[in-house]
Each structure stands twice: as C-alpha cells, then as structure tokens.
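S.K.: If you scroll down you'll find the structure; I have some questions about it.
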Amino acid sequence: MDENKTLESKYIQQHLANERTYLAWVRTSIAIIGIGFLASSLHFNNIRSVSQAADTIAVFVSIFSLLIGLIILFFATTHYFSVRKNINSQTFESASNLIKISSGIIFLIFLLLGIYLVSILL
41 MDENKTLESK
51 YIQQHLANER
61 TYLAWVRTSI
71 AIIGIGFLAS
81 SLHFNNIRSV
91 SQAADTIAVF
101 VSIFSLLIGL
111 IILFFATTHY
121 FSVRKNINSQ
131 TFESASNLIK
141 ISSGIIFLIF
151 LLLGIYLVSI
161 LL
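Using our numbering, the first residue of the sequence shown is number 41, and each one after it goes up by one.
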C-alpha cells in the first residue's frame with residue numbers, strides 16, 4: 041500500500057492533469073445531455089406542433105444526446121483509470137480514437153439540430 045502511494049505521489053502533476061481532463065469530459069457529457077434536453081423542451085413547450093417530422097426529430101435529438109452523453113461519461117471514466125495506470129507504469133498511449141469518435145458524434149448532434157431547425161422553418 042505504501043509503495044502505491046509513493047509511486048502516485050511521485051507523479052502528482054500527471055495525476056492532477058489526468059483528473060482535470062476527466063472533469064472536462066464530464067462537463068462535455070453534461071453539456072451534450074443538456075443540448076438534447078434543451079432542444080426537446082424548447083420544441084414541446086414553446087412551439088405548437090409544426091409537423092410530425094419536427095416532433096420526431098426533437099424526440100430523437102433528446103434521446104440521442106442522452107445516450108451519447110452517458111456513453112462519453114462511461115468511456116471518460118474507463119480512460120481516466122487507464123491513464124492513471126499508465127502514469128504509474130510510465131507508459132503513454134494516445135487517446136486519438138476517443139477524440140475522433142466524440143468529435144464525430146458532436147458533429148452529428150449539431151447536424152440533427154440543424155435539420156430540426158430547417159424542418160421548423162419550412
């Protein structure tokens with residue numbers, strides 16, 4: 041137990057940076073969930089039923105954002121513990137795949153929001 045604490049305190053700056061990165065992913069996850077909630081609540085509370093397609097898109101954006109936010113939270117947590125282990129073993133693995141996937145998903149969410157806005161205006 042003492043050896044593990046000594047090893048972690050030796051790399052305290054890296055562990056603190058890892059925690060900040062994890063918290064940034066948590067904020068991203070919450071923001072994505074919030075976008076879905078905002079889109080559906082604005083649609084159903086402020087706009088009279090424009091069309092069935094707009095209603096469906098609003099519900100889909102809401103559910104999709106919730107699922108993606110939870111998935112990002114799960115992967116951020118697993119990545120945090122993986123990086124923690126790598127810091128202690130003095131190895132490095134890039135997180136480029138996680139960044140590419142989450143960037144693509146965020147792009148899809150904004151694309152869906154754009155389609156939703158176009159369907160309301162037409």
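The beta-carbon is built from N, C-alpha and C at its ideal position, and this holds for glycine as well. Quick caveat, the model's predicted, so the values are computed rather than measured.
Can you give me the C-alpha to C-alpha distance between Ala169 and Tyr120, rounded to a whole angstrom?
M.R.: The chain is shown from 41 up to 162; residue 169 falls before or after that span and cannot be answered.
S.K.: In its own chain, which residues sit with a C-beta less than 6 Å from the C-beta of Ile108, not counting the 5 before and 5 after it?
M.R.: Ile72 and Ile145
S.K.: Can you give the Cα-Cα distance for Leu161 and Ser134, rounded to whole angstroms?
M.R.: 43 Å
S.K.: For Ser142, does the three-state DSSP call read helix, strand or coil?
M.R.: helix
S.K.: Using only alpha-carbon positions, find the residue among Ile52, Ile149 and Tyr51 that is nearest to Val101.
M.R.: Ile149
S.K.: Inspect the beta-carbon positions of Ser49 and Ala94 and report whether they are closer than 9 Å.
M.R.: no
S.K.: Since Thr131 is in the alpha helix (DSSP H), which residue starts that stretch and which ends it?
M.R.: No alpha helix (DSSP H) contains Thr131, which DSSP labels as neither H nor E.
S.K.: Helix, strand or coil, according to DSSP, for Leu162 in the structure here?
M.R.: coil
S.K.: Give me the Cβ distance between Ile127 and Trp65, rounded to the nearest whole Å; I'm assuming they're in contact under 8 Å.
M.R.: So it is not a contact: roughly 17 Å between Cβ atoms.
S.K.: Determine the DSSP secondary structure at Ser91, reduced to helix, strand or coil.
M.R.: coil
S.K.: Could you give the distance in angstroms between the alpha-carbon of Leu91 and the alpha-carbon of Ser136?
M.R.: Checking the sequence shown, residue 91 turns out to be Ser, not Leu. Here the alpha carbons of Ser136 and Ser91 stand approximately 40 Å from one another.
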